[in-house]
Structures are given as C-alpha cells and as structure tokens.
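K.L.:
In full-length UniProt numbering, the protein residues as written are 1 to 254.
1) Considering Cα atoms alone, identify which of 188, 233, 9, 181 is closest to residue 209.
2) Mind checking whether residue 23 and residue 67 have CB atoms under 9 Å apart?
3) So is residue 163 buried or exposed if we call it buried at 16+ other beta carbons inside 10 Å?
4) Tell me the residue span of the alpha helix (DSSP H) that contains residue 10.
5) Between which two residues does the beta strand (DSSP E) harbouring residue 168 extend?
6) What are the start and end residues of each continuous alpha helix (DSSP H) run of 4 or more residues lying completely inside the region 89-152, in chain order?
7) Locate the beta strand (DSSP E) running through residue 237, then write down its first and last residues.
8) Pick helix, strand or coil for residue 244, following the three-state DSSP scheme.
9) Would you call the CB atoms of residue 171 and residue 65 closer than 9 Å?
10) Mind pulling the beta strand (DSSP E) runs of 3 or more residues that sit fully within the region 46-70?
11) In terms of residues, what are the limits of the alpha helix (DSSP H) holding residue 42?
12) Beta-carbon separation of residue 154 and residue 12 under 9 Å?
13) Buried or exposed: which applies to residue 3, given that a residue is buried once 16 or more other Cβ atoms fall within 10 Å of its Cβ?
14) What did DSSP end up calling residue 76 once you bin it into helix, strand or coil?
15) Roughly how many angstroms separate the alpha carbons of residue 117 and residue 165, rounded to a whole number?
16) Quick check on residue 53: buried or exposed, where buried means 16 or more other Cβ atoms within 10 Å of its Cβ?
17) If distances are taken between C-alpha atoms only, which option among 82, 20, 205 comes closest to residue 71?
18) Which first and last residues belong to the alpha helix (DSSP H) in which residue 195 is found?
19) Based on DSSP bridge pairs, tell me the residues matched to residue 20.
20) Using three-state DSSP, classify residue 163 as helix, strand or coil.
21) Check whether the region 72-79 touches the region 97-106, counting contact only when three or more Cβ pairs, one atom from each stretch, lie closer than 8 Å.
22) Are the region 131-141 and the region 179-196 touching, with three or more C-beta to C-beta distances below 8 Å?
23) Quick one: grab the DSSP three-state call for residue 232.
24) Look at residue 221 and residue 184 and say whether their C-beta atoms are less than 9 Å apart.
25) Please return the same chain residues whose Cβ sits closer than 6 Å to the Cβ of residue 189, not counting the five positions on each side in sequence.
26) Please state the DSSP three-state secondary structure of residue 184.
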C-alpha cells in the first residue's frame with residue numbers, strides 16, 4: 001500500500017515517447033512543476049497532453065513546449081503563452097480546443113468509467129458542427145479540422161455528445177498526501193487536479209506535505225488513494241517555490 005517513490009525522476013521513468021498525459025493545474029496554481037521537469041529531463045517526446053492550459057510564464061507545461069516535446073494538446077485556454085500560440089499557428093502542434101467545463105467533465109467521466117455524455121455547451125458552434133482548426137499547415141491553411149459531433153434533443157433542448165477522456169498517465173500536485181495516495185488540495189489548486197488524477201491509468205502525485213496513513217481525516221480527503229499509484233514528497237524548497245502570475249495591489253493614501 002505504500003505508494004511513495006523516492007524521486008520524481010523514478011516516478012516518471014516509464015513515461016516514454018508518444019505517451020498521453022492528463023496534467024492538473026490552472027495558470028500557475030496547482031501545477032505539478034517538479035514532475036513536469038522530471039518528464040522533460042527523461043527525454044520523452046511526441047506527448048499528447050490534456051490540460052486546461054499549457055503553461056504560463058515559462059513554467060509548467062511550457063517547459064515541454066519549448067523543447068518541442070508535445071505534439072497534441074486537448075485544452076481550453078491558450079492565454080498569454082506565445083510559444084503555444086506560435087507552435088499551433090505554425091502547424092507544429094495539434095490543438096483540440098474545447099469549453100472548460102466540458103473538459104473537466106470529460107476527464108471526470110473517463111475516470112468514472114463513463115464513455116460519453118451529452119451537454120448543451122457548444123451547441124450551435126463549431127464545437128458541435130465541426131470545422132475548428134486542430135492543426136494548421138504552416139501556411140495559414142487548415143490541415144486538420146474537428147469533425148462534427150452528434151447532437152440530440154432532450155426535453156426540446158439540443159445537446160452535443162462528448163466522449164470521456166482517459167490517458168496513459170496523470171500528473172497532479174496536492175497540498176497534503178499520505179502513503180496510500182489519499183490527497184488534499186488547497187483552495188483553487190482543487191481545480192483540474194482531482195479530475196485529471198481520475199483520468200490517468202497511472203496517476204503520479206507530487207505532495208507538498210507527506211503524512212502517514214490515518215493523519216488525514218477521511219471526511220477531508222478530496223481524492224481517494226484508489227486513483228493514485230505513485231506519490232512523490234516534495235522538499236520544503238520545492239513546496240515553497242510558487243510564482244504569482246499577476247500582482248494586484250491597492251494604493252493606500254498616507
């Protein structure tokens with residue numbers, strides 16, 4: 001039952017070329033940076049990534065993007081990631097851009113053994129009708145476009161069929177975790193991390209604080225250990241290494 005692995009490098013050693021990864025986090029919050037760096041150092045390429053966004057401020061998945069290790073992204077947000085935008089528009093990267101709530105539900109469904117579900121999100125748009133550019137040809141044209149989705153009415157309201165997502169691996173970050181893999185996420189880091197963890201066939205969690213089994217109240221567990229196969233305890237320095245994407249301050253009159 002002890003799922004603790006000594007190092008991040010050991011935990012991701014079997015992630016090879018062409019693997020698919022579900023990765024938790026949103027912007028700079030809750031991103032498994034240590035595991036991502038270990039994947040980079042391991043040399044895997046041609047990766048298919050499922051994540052809300054693909055790194056920010058040169059951190060997170062941007063580390064893999066810069067090295068051109070990612071071939072396909074399923075996500076919801078490009079944002080200010082100029083490397084992401086440049087590779088996508090240049091035809092180097094395939095992107096399936098889907099609504100954020102739909103992405104979360106597709107991950108949850110895949111982890112719950114639900115093959116597909118219907119949602120009204122995307123009806124009447126290219127999400128349902130097809131034609132979204134998945135890959136450009138590098139010359140301004142579209143090389144691969146999204147196919148049309150099945151649409152069905154429920155109580156007079158059209159819904160589009162979306163498929164659950166499962167991946168070879170999942171990488172997540174938690175505030176606390178025990179040796180059995182039970183995880184607790186702090187505040188907004190409890191965003192895509194639980195559903196990403198559910199979707200991975202092998203889920204690897206980096207935890208800021210490792211505790212013994214029984215130290216986490218069962219009522220406080222956000223993700224049961226049944227979804228987690230490997231746990232990596234971060235050093236105090238790694239746990240404290242957190243950036244702020246946008247600093248907002250209020251001017252106070254003297």
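Here a beta-carbon is modelled for each residue, glycine too, at the ideal position from N, C-alpha and C.
P.N.:
Let's see:
1) 233
2) no
3) exposed
4) 8-11
5) 167-178
6) 100-112, 126-129
7) Not the beta strand (DSSP E): residue 237 falls in the alpha helix (DSSP H), residues 236-240.
8) coil
9) no
10) 47-50
11) 33-42
12) no
13) buried
14) coil
15) 11 Å
16) buried
17) 20
18) 193-199
19) 48
20) strand
21) yes
22) no
23) strand
24) yes
25) 29, 30
26) strand
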